[in-house]
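In this note's numbering, the protein residues as written are 598 to 873.
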């Protein structure tokens, strides 16, 4: 199957998952009509989502899996969700980065998308605890030849050590110690959940502590999170909403949710709508 076909499959599965969560369940025959694909294609999509642990197959369709607050999906499972929303968020966030600045990118699939949009910003210093984010810059520089890393304008990437989480972030005391000694202009932070009551949260206790250190080392904190993160609460809260300078999200939020978010966040940017 070609890369183009794979991308279409990922987008289709993201739509199916969104429908399952929104309606509390879907039937195969409804999806075949809505997506204009075969019964077999829908069943393959449901099989793939079931393997990722995000839906449960039932007779004739699927229902959502109710996740516990300590459940942490892997990077591959999360990367297939809300693809277009994440890319729009990443494009918008990339416009906030000035050439020559020192920035930090936390782990997460939206920060991973952001990294790809930062490759042409010159003279960046990038601190990250994400193996995936570091690989984006490394792969781009390697593809340009051996001299790419030393040429003017190439990004300097600092990858913290630490213990690897299911979402490929490096966390724990080693990461925390490295981050404490650094200072950056802006932190772009991916999150598991955002809510008024719990603030920013994650299922991973060690990641919560590492995120606190990232926030303390940043002059400005920008959270990048698609609309499905709103109302989700992980096991460990690590920041209040008023500790965030800006949240960049997508247009999938309802008007009521936007109003609620704006009341508690210093800055709210909706990708594709709030740009000049």
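Cβ atoms here follow ideal geometry from the backbone N, Cα and C, with glycine treated the same way.
Using alpha carbons as the reference points, say which of 626, 621 and 684 lies closest to residue 874. Summary: the structure shown does not reach residue 874, with the chain confined to residues 598 through 873, and so no result is reported for it.
Reduced DSSP category for residue 608 - H, G, I as helix; E, B as strand; rest coil: Taken through DSSP and simplified to helix, strand or coil, residue 608 comes out as helix.
Anyone know if the C-beta pair for residue 657 and residue 624 falls short of 7 Å? Cβ distance < 7 Å, so residue 657 and residue 624 count as in contact.
Use the C-beta contact count for residue 790: other C-beta atoms within 10 angstroms, 16 or more gives buried, fewer gives exposed. Buried is the call here.
If residue 714 and residue 739 are in contact, beta carbons under 8 Å, what's the gap, nearest whole angstrom? The Cβ separation is near 19 Å, so there is no contact.
One or two residues paired with residue 661 in a DSSP bridge: 652.
Going by DSSP in three states, residue 782 sits in which element: helix, strand or coil? Here residue 782 carries a strand assignment [DSSP, helix/strand/coil].
Three CB pairs or more closer than 8 Å across the segment 851-862 and the segment 803-811: With fewer than three CB-CB distances shorter than 8 Å, the segment 851-862 does not count as touching the segment 803-811.
Going by DSSP, name the residue or residues bridged to residue 787. Residue 787 is bridged to 821.
Assign residue 695 to one of two classes, buried (16 or more other C-beta atoms within 10 Å of its C-beta) or exposed (fewer than that). So residue 695 ends up on the exposed side.
Distance between beta carbons of residue 698 and residue 782, contact taken as under 8 Å: Right, their Cβ atoms sit about 5 Å apart.
When you compare only the Cα positions, how much space is there between residue 639 and residue 607? Using only the alpha carbons, I get a separation of about 12 Å.
Residue 840 versus residue 633 - alpha carbon distance: Straight-line Cα distance between these residues: approximately 45 Å.
Residue 824 and residue 850 - do their beta-carbons sit closer together than 7 Å? Yes, Cβ-Cβ distance for residue 850 and residue 824 is below 7 Å.
The beta strand (DSSP E) enclosing residue 796, as first and last residue numbers: That run of the beta strand (DSSP E) goes 796-799.
Boundaries (first-last residue) of the alpha helix (DSSP H) holding residue 811: Going by DSSP, residue 811 is part of the alpha helix (DSSP H) stretching over 802-813.
Nearest residue (CA-CA) to residue 776, options 693, 627, 814 and 866: Among 693, 627, 814 and 866, the Cα nearest to that of residue 776 belongs to 814.
From the DSSP output, in three-state form, read off residue 845 for me. Under the three-state reduction of DSSP output, residue 845 falls in the strand class.
Report back the beta-carbon spacing between residue 820 and residue 788 to the nearest angstrom; my notes put them in contact at under 8 Å. Confirmed, about 6 Å.
Host beta strand (DSSP E) of residue 703 (start-end): No residue range can be given for residue 703, since it is assigned to no beta strand (DSSP E) and is classified by DSSP as neither H nor E.
Candidates 774, 700, 683 and 771, of which the one nearest residue 845 by Cα: With distances taken between Cα atoms, residue 845 lies closest to 683.
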